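Here the structure is laid out as structure tokens; the discussion comes afterwards.
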Amino acid sequence: MINCHYFSNQWKRAFWTGSLCSLVALSPQIVDATTLASYGILFQQEQSVSGTVHDESGMPIPGVTVSVNGTKLVTKTDVQGRYKLDKVPASAIINFRMVGKQSMDEAVKGRQTIDITLLNSESNLEEVVVVGYGKQRKETVTGAVATVKGSDLAQSPALNVSNALTGRVPGVTATNGSAEPGYDGSNIKIRGTNTLGNSSPLVVIDGVPAREGGIDRINPRDIENISVLKDASAAIYGARAANGVILVTTRRGKTGKPQFSYTFNQGYSQPTVIPKLTDASQFAAIRNELEIYNLPVEEWSAAYTAINEKGSYNKQGGGVLDAPFKPEDIQKFKDGSDPWGHPNTDWY
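Here my numbering is used: the first residue of the sequence shown is 21, the next is one more, and so on.
Spelled out as structure tokens, the structure:
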């Protein structure tokens, strides 16, 4: 009896499962999302989410970064504090971030309108900023001073500090022109080029002015913080601070047990744009064409034909225009018959 009862329950369970599948397959118009969810049938929907971000007083906040956790969807609020994100999963979590405000994460839960109120972050105002020959609380600093924590620099795969500063400090531009080991540091400029000579900022490490390139000789994980002085707050360092000052504070030892840490990251660098270069024959043809443009416009067509055929052109007003490269020179560049006299090397 027990075995028969067991098989009977199995057949009933199979019967009801088959009935449910038939109901879903044959009559989709009568099955809503609630019914499907009650039977454990999950599905993913995408929707548009919009809203407004306000502060504690109800004023809209522009420039708030709004992103969807785990995706590449990101936007910023406009001057009215409004934002809109498309193709947001119904179960996603939206992040709201802004300097000076407490960050907030909000679950979508199928909503299409989400309004957020961001509170002030008092902890940011209590931070200590390193300035010329001293320290100040962040809320009392009136100059243009930007600060980067050493923990933020350590997250970058860059091997030196100058490359790690790229994109982390407003008003600071770092350009890397070489990948040669030992010479792969970036050229740092604060608020653009200020002088016709050396436009590099003054680097001060623990109160001692460093020589050029000294910032790249420091392990990024040995840095406590970096302060960038961008305006008259750098005047205390004199004429050398005309291009701004970068103050580096290294880490200090602390009382307690020693700590050991190991991190590994990997990255690669590549040029932003690779220009398409001409070969030797194309360069010679373009060089000949430039000589034609020194003639009156009405002679361009005749001169172009003559130079390509015989390498010279008799001007209408008298005189002869000789092309820098004769047709036979261009042909040797093309066929490689004279590699020493007419080389065509692809250096890239």
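Here a beta-carbon is modelled for each residue, glycine too, at the ideal position from N, C-alpha and C.
Everything numeric in this text was worked out from a predicted model, so none of it was measured.
Inspect the beta-carbon positions of residue i and residue j and report whether they are closer than 8 Å.
i: L310; j: A323; result: no
i: M124; j: I136; result: yes
i: Q122; j: L139; result: yes
i: T213; j: S219; result: yes
i: I210; j: K250; result: yes
i: L222; j: R260; result: yes
Can you tell which of the options has the C-alpha that lies nearest to the C-alpha of residue i?
i: I134; options: N115, T195, V293 and V340; result: N115
i: K129; options: I113, S206, Q336 and L138; result: I113
i: E244; options: T269, A252, Q286 and G227; result: T269
i: Y203; options: D106, T193, I256 and N180; result: N180
i: P201; options: G273, G339 and S289; result: S289
i: N285; options: V108, A178 and K121; result: A178
i: I256; options: T325, N308 and P229; result: P229
i: D75; options: S141, T95, N89 and G90; result: S141
i: V108; options: T95, V88, E126 and G101; result: V88
i: G233; options: A254, Y282 and N196; result: N196
i: N328; options: T275, V265, Q351 and G78; result: Q351
i: T283; options: G78, P190, P291 and S171; result: S171
Short of 8 Å in beta carbon distance, which residues of its chain neighbour residue i, apart from the five on each side in sequence? Order them along the chain.
i: Q132; result: Q67, S68, V69 and S70
i: F280; result: none
i: A110; result: Q64, Q65, E66, Q67, V128, K129 and G130
i: V94; result: T85, V86, S87 and V88
i: V340; result: S332, Y333 and N334
i: P80; result: T72, V73, H74, T97, V99, Q100, G101 and R102
i: W320; result: I312 and Y313
Use the C-beta contact count for residue i: other C-beta atoms within 10 angstroms, 16 or more gives buried, fewer gives exposed.
i: K369; result: There is no way to answer for residue 369, as the model of the chain reaches only from 21 to 368.
i: Y368; result: exposed
i: D349; result: buried
i: Y388; result: For residue 388 there is no data in the structure shown, the boundaries of the chain being 21 and 368.
i: P295; result: exposed
i: D355; result: exposed
i: G338; result: exposed
i: D299; result: exposed
i: N308; result: buried
i: I235; result: buried
i: S398; result: Outside the modelled stretch of the chain, which goes from 21 to 368, sits residue 398, for which no answer is possible.
i: P363; result: exposed
i: A199; result: exposed
i: G101; result: buried
i: G227; result: exposed
i: G90; result: exposed
i: G264; result: buried
i: V165; result: buried
Helix, strand or coil for residue i, going by three-state DSSP, please let me know.
i: N207; result: strand
i: S123; result: coil
i: K346; result: coil
i: I81; result: coil
i: G399; result: This structure cannot settle anything about residue 399, because the visible part of the chain is limited to 21 through 368.
i: I225; result: strand
i: F116; result: strand
i: T325; result: helix
i: V189; result: coil
i: K250; result: coil
i: P291; result: coil
i: S141; result: coil
i: I136; result: strand
i: L173; result: helix
i: C24; result: Because C24 carries a pLDDT of 44, less than 50, the predicted location of this residue cannot be relied on, and the following value inherits that uncertainty. It is helical.
i: V181; result: helix
i: I243; result: strand
i: K96; result: strand
i: E66; result: strand
i: L341; result: strand
i: A300; result: helix
i: P194; result: Here the sequence assigns Ala to residue 194, which means Pro is not the residue at that position. DSSP places A194 in strand when its eight states are reduced to three.
By Cβ distance, which residues of its chain are closer than 6 Å to residue i, with the 5 residues on each side in sequence left out?
i: R241; result: A174
i: T97; result: V73, P82, V84 and Y103
i: S176; result: A184
i: V99; result: P82
i: A8; result: Residue 8 lies beyond the range of the chain shown here (21 to 368); nothing can be said about it.
i: G287; result: P177
i: R271; result: D242 and E244
Going along the chain, which residues of its own chain have a beta-carbon closer than 7 Å to the beta-carbon of residue i, five neighbours each way excluded?
i: L297; result: Y368
i: E192; result: Residue 192 is actually Val in this sequence, not Glu. So the qualifying residues of the chain are L185, I208, I210 and V248.
i: K346; result: G331
i: F353; result: A300, S301, A304, H362 and N364
i: P190; result: A166
Using a Cβ-Cβ distance cut-off of 8 Å, determine whether residue i contacts chain C.
i: N285; result: In summary, chain C is missing from the structure at hand, where a single protein chain is found.
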